[in-house]
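Note that full-length UniProt numbering has the sequence shown beginning at 1, numbered continuously upward.
Think of the CB as a built atom: it goes at the ideal place given N, C-alpha and C, for glycine as much as any other residue.
As the structure is a prediction and not an experimental result, all values here were calculated from the model.
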Amino acid sequence: MNLLDSRTVMGDLGWIAYPKNGWEEIGEVDENYAPIHTYQVCKVMEQNQNNWLLTSWISNEGASRIFIELKFTLRDCNSLPGGLGTCKETFNMYYFESDDEDGRNIRENQYIKIDTIAADESFTELDLGDRVMKLNTEVRDVGPLTKKGFYLAFQDVGACIALVSVRVYYKKCPSVIRNLARFPDTITGADSSQLLEVSGVCVNHSVTDEAPKMHCSAEGEWLVPIGKCLCKAGYEEKNNTCQAPSPVSSVKKGKITKNSISLSWQEPDRPNGIILEYEIKYFEKDQETSYTIIKSKETAITADGLKPGSAYVFQIRARTAAGYGGFSRRFEFETSPVLAASSDQSQIPIIVVSVTVGVILLAVVIGFLLSGSCCDHGCGWASSLRAVAYPSLIWRCGYSKAKQDPEEEKMHFHNGHIKLPGVRTYIDPHTYEDPNQAVHEFAKEIEASCITIERVIGAGEFGEVCSGRLKLQGKREFPVAIKTLKVGYTEKQRRDFLGEASIMGQFDHPNIIHLEGVVTKSKPVMIVTEYMENGSLDTFLKKNDGQFTVIQLVGMLRGIASGMKYLSDMGYVHRDLAARNILINSNLVCKVSDFGLSRVLEDDPEAAYTTRGGKIPIRWTAPEAIAFRKFTSASDVWSYGIVMWEVMSYGERPYWEMTNQDVIKAVEEGYRLPSPMDCPAALYQLMLDCWQKDRNSRPKFDEIVSMLDKLIRNPSSLKTLVNASSRVSNLLVEHSPVGSGAYRSVGEWLEAIKMGRYTEIFMENGYSSMDSVAQVTLEDLRRLGVTLVGHQKKIMNSLQEMKVQLVNGMVPL
């Protein structure tokens with residue numbers, strides 16, 4: 001709210017000034033003759049000034065932390081001849097809390113001082129004469145407030161001031177819909193570091209999947225979304241809402257007789273679920289009160305029993321499990337007029353229909369008999385005859401009975417796997433004899449014409465990775481990522497390529513990369529997924545070194561843990577969890593990706609051969625998985641601990657330049673990575689828990705999610721950092737080129753840590769040797785002009801390692 005605005009508040013504000021000859025309420029005009037309303041005081045030539053200006057009572061509207069923005073001008077004391085002894089260039093601001101307006105009568109010493117306000121810009125008499133108004137803006141905050149309102153007071157002690165604007169406001173997180181949950185306007189907390197947990201309410205036609213929550217930061221930003229709602233069966237998510245089917249938009253007339261009209265139509269542009277049936281409403285024109293309803297599971301009907309030569313109006317709507325959509329617009333068609341016809345001609349359609357029905361019945365009977373012979377007595381002459389008679393059909397002996405009852409197949413039998421109702425279990429695509437069956441069971445086939453490839457964004461194991469757009473029928477075009485299978489692939493490569501889609505298509509979670517579908521019926525073969533604007537997490541963190549708050553980093557880690565909990569609950573072991581295999585979108589939501597089956601063992605550039613054969617990403621892999629190839633959710637937890645370390649160190653390479661063999665040896669002997677710089681102690685302890693040698697002692701993913709949630713709800717628990725001595729006691733030695741003897745020059749050192757841009761600055765300021773560099777402090781860096789937080793951290797981290805001067809191995813936990 002604006003208490004005082006020189007251009008908008010014209011009337012008496014009702015503020016009190018005392019003494020009365022101190023602050024004055026002034027109305028004047030600016031250079032454009034627009035009215036200006038200010039409070040001014042200028043008693044600079046008189047000693048011992050104590051002029052107070054008291055506002056009217058201000059309601060805080062439930063906020064516990066408020067902000068005051070002041071705009072004012074202030075006269076330069078040097079421009080006042082003879083006034084230097086008494087003139088001041090500051091004034092004071094106070095407040096007093098009160099539930100009502102009684103606070104006006106209290107004494108000065110009962111007010112609480114907010115701050116002394118000084119001007120960045122002042123004006124002289126010459127400036128004022130030339131209409132140059134140097135306006136100062138200062139903002140202060142007050143909290144926590146415990147009463148319904150407060151007063152502000154301004155004290156002048158001998159300055160020449162004009163208060164032009166006083167604006168009082170509080171911050172709030174605006175109402176928003178996220179993950180199909182509605183979060184209300186939320187006033188921020190009293191503490192500048194406080195996060196308020198807010199529960200969301202599912203939008204109409206949606207239900208809770210995991211209780212939706214978000215956290216309102218002190219700056220009025222929503223952070224760390226948790227949980228989501230899902231559209232009810234038959235509804236589809238669009239623009240953060242769930243809708244039933246859209247109306248049928250295209251209706252075509254078919255055969256028309258004197259007593260019937262045949263119609264056909266297309267499925268709605270947005271069916272939003274499986275169409276269970278259509279409802280067709282029709283009536284004779286101008287007879288709307290008397291209508292007929294037909295229900296059909298097909299997209300065509302014939303309305304008969306109509307009057308010859310009459311106009312009829314038709315409307316159609318679709319029904320899903322969620323209910324009916326809206327009726328289509330009205331379509332008007334007319335029956336044929338009565339025409340003379342011979343009796344022989346009128347019999348022709350009846351004869352044709354009778355013959356057709358007879359042929360169909362005969363085919364059905366033969367098919368039923370042949371099906372029984374095969375399934376009851378084996379696949380002998382009957383299946384051969386069936387193949388000749390019905391070449392377009394594919395028959396699988398021993399499986400047709402399950403196919404006859406879709407519900408039974410869904411509930412009890414799934415390619416040899418027992419499936420319990422309501423329990424989702426990961427199915428290994430390798431168990432399918434035909435990989436094509438697996439991919440088409442778990443992934444939707446997309447027409448290549450629906451995909452527009454825009455540019456190449458990377459190279460994958462099997463071919464290029466591109467960004468592009470996907471336009472599906474009834475949906476808006478949206479961005480996607482496209483993996484392509486290179487030309488000249490082997491059948492094994494095609495199987496392995498599509499195997500990733502067969503895995504990904506089984507997952508549905510906000511922290512798992514979403515599969516849109518595959519292209520297998522044309523070349524190139526493609527896998528289409530949602531597009532993640534910020535790419536891989538490790539690269540993203542390196543580009544934004546030091547740019548995020550701890551809470552934001554913990555939010556990223558919470559998302560990864562939530563995705564891994566989902567995978568673990570489904571019985572899926574990732575085996576290659578690393579920051580490079582996490583994708584991040586524009587909202588800083590992290591999603592687990594990279595579900596290739598062979599790449600983990602054979603083609604990962606981070607992998608190394610083990611004594612038991614095959615390749616494993618050593619730096620991210622648990623000891624038991626390296627030694628015995630024992631991959632479990634517990635080994636994924638070990639990898640998650642490494643990912644935590646990557647995130648908190650902004651994409652630093654685990655174990656730096658140590659060889660894989662040295663890493664294996666050191667970890668086996670009980671050494672662990674040190675805490676990243678400025679890492680909260682609670683997070684580093686969680687990393688150490690993930691790196692327990694006994695896999696049964698490591699936390700489960702659901703426990704990790706719970707722990708991170710507690711940290712997010714209590715940000716003060718993240719303020720305790722790992723101290724330097726603790727870091728030293730756990731340091732890996734020789735993990736990076738540190739130590740004054742490791743470099744021949746300051747320039748070589750800075751180039752090695754990719755900070756070569758500062759070489760000249762260091763040299764010009766006398767830091768010409770590694771011994772002198774080792775004494776540099778954070779304050780020295782700021783003085784040298786190293787102002788970027790990420791660069792400060794990188795240089796100080798390296799300097800800290802220099803001071804450790806440890807050699808030959810690592811220090812155990």
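Three-way DSSP call (helix, strand, coil) for residue i in this model
{"i": "V600", "result": "Legend: pLDDT at V600 = 39, less than 50; position of this residue unreliable, value from coordinates given subsequently. In the structure shown, V600 sits in a helix (DSSP, three-state: H, G or I)."}
{"i": "D115", "result": "strand"}
{"i": "K515", "result": "Note that residue 515 is Leu in the sequence shown, not Lys. Strand at L515."}
{"i": "R330", "result": "coil"}
{"i": "M532", "result": "coil"}
{"i": "Y743", "result": "coil"}
{"i": "G651", "result": "coil"}
{"i": "R698", "result": "coil"}
{"i": "K172", "result": "strand"}
{"i": "I795", "result": "helix"}
{"i": "G380", "result": "With a pLDDT of only 34 at G380, under 50, the local geometry of the prediction cannot be trusted, and the value read off the model is given with reservation. In this structure, G380 counts as coil in the three-state DSSP scheme."}
{"i": "A627", "result": "helix"}
{"i": "Q800", "result": "helix"}
{"i": "S593", "result": "coil"}
{"i": "H440", "result": "helix"}
{"i": "K565", "result": "helix"}
{"i": "G27", "result": "strand"}
Integer Cβ distance of residue i from residue j, believed to fall under 8 Å
{"i": "T320", "j": "I280", "result": "Not a contact, Cβ separation roughly 16 Å."}
{"i": "P225", "j": "R178", "result": "6 Å"}
{"i": "S697", "j": "D636", "result": "With 8 Å as the limit, S697 and D636 do not qualify as a contact, their Cβ atoms being about 15 Å apart."}
{"i": "K71", "j": "N92", "result": "With a Cβ gap of about 17 Å, K71 and N92 do not count as contacting."}
{"i": "T55", "j": "L152", "result": "5 Å"}
{"i": "M644", "j": "L557", "result": "6 Å"}
{"i": "Y94", "j": "Q155", "result": "7 Å"}
{"i": "I618", "j": "I582", "result": "No, I618 and I582 are not in contact; Cβ-Cβ is about 19 Å, not under 8 Å."}
Own chain partners of residue i with C-beta closer than 7 Å, once the 5 adjacent residues on each side are dropped
{"i": "A448", "result": "V519, S522"}
{"i": "G505", "result": "F442, A443, L515"}
{"i": "I761", "result": "L784, G785"}
{"i": "K213", "result": "E197, V198, S199, G200, I226, G227"}
{"i": "E486", "result": "One point to set straight first is that residue 486 is Lys, not Glu, in the sequence displayed. Hits under 7 Å: F462, G463."}
Straight-line Cα distance separating residue j from residue i
{"i": "G305", "j": "S249", "result": "26 Å"}
{"i": "R107", "j": "N48", "result": "19 Å"}
{"i": "P737", "j": "L750", "result": "Low confidence applies to P737: its pLDDT is 37, below 50, so where it sits in the model is not reliable enough to give any reading."}
{"i": "A162", "j": "L781", "result": "41 Å"}
{"i": "W656", "j": "G323", "result": "58 Å"}
{"i": "E221", "j": "D286", "result": "57 Å"}
{"i": "F96", "j": "L223", "result": "33 Å"}
{"i": "D678", "j": "E61", "result": "38 Å"}
{"i": "D191", "j": "D538", "result": "32 Å"}
{"i": "E25", "j": "H37", "result": "7 Å"}
{"i": "T208", "j": "Q243", "result": "17 Å"}
{"i": "V164", "j": "C77", "result": "20 Å"}
{"i": "D709", "j": "P247", "result": "43 Å"}
{"i": "A181", "j": "C229", "result": "6 Å"}
{"i": "Y743", "j": "I753", "result": "12 Å"}
{"i": "G254", "j": "G571", "result": "53 Å"}
{"i": "S290", "j": "K307", "result": "14 Å"}
{"i": "E624", "j": "P715", "result": "35 Å"}
{"i": "F123", "j": "I68", "result": "23 Å"}
{"i": "N765", "j": "N797", "result": "21 Å"}
{"i": "Y498", "j": "I457", "result": "Correcting the residue type first, residue 498 is Leu in the shown sequence and not Tyr. Taking the straight line from one Cα to the other gives about 20 Å."}
Contacts around residue i, its chain only, beta-carbon distance under 8 Å, and the 5 residues preceding and following it disregarded
{"i": "L799", "result": "V773, A774, V776"}
{"i": "L718", "result": "V550, I551, V554, P680, A682, L683, L711"}
{"i": "Y640", "result": "I560, A561, M564, L577, C690, F701, I704"}
{"i": "T146", "result": "S64, E97"}
{"i": "Q266", "result": "V248, S249, S250, T299"}
{"i": "I626", "result": "T610, I616, I618, I664"}
Distance cut-off 8 Å: residue i Cβ against heavy atoms of the ligand GDP
{"i": "G463", "result": "This structure lacks the ligand GDP, and indeed carries no ligand of any kind."}
Any C-beta of chain D under 9 Å from that of residue i
{"i": "A634", "result": "Judged by its chain identifiers, the structure shown contains no chain D, having just a single protein chain."}
Neighbourhood of residue i by C-beta, 6 Å cutoff - its chain only, sequence neighbours within 5 removed
{"i": "F331", "result": "V251, F314"}
{"i": "Y18", "result": "W52"}
{"i": "T302", "result": "S260, S262"}
{"i": "D127", "result": "Legend: pLDDT at D127 = 48, less than 50; position of this residue unreliable, no value from coordinates given."}
{"i": "T452", "result": "G468, R469"}
When you compare the stretch 463-471 with the stretch 507-515, are there three or more beta-carbon pairs, one atom per stretch, that lie closer than 8 Å? Too few Cβ pairs lie closer than 8 Å, so no.
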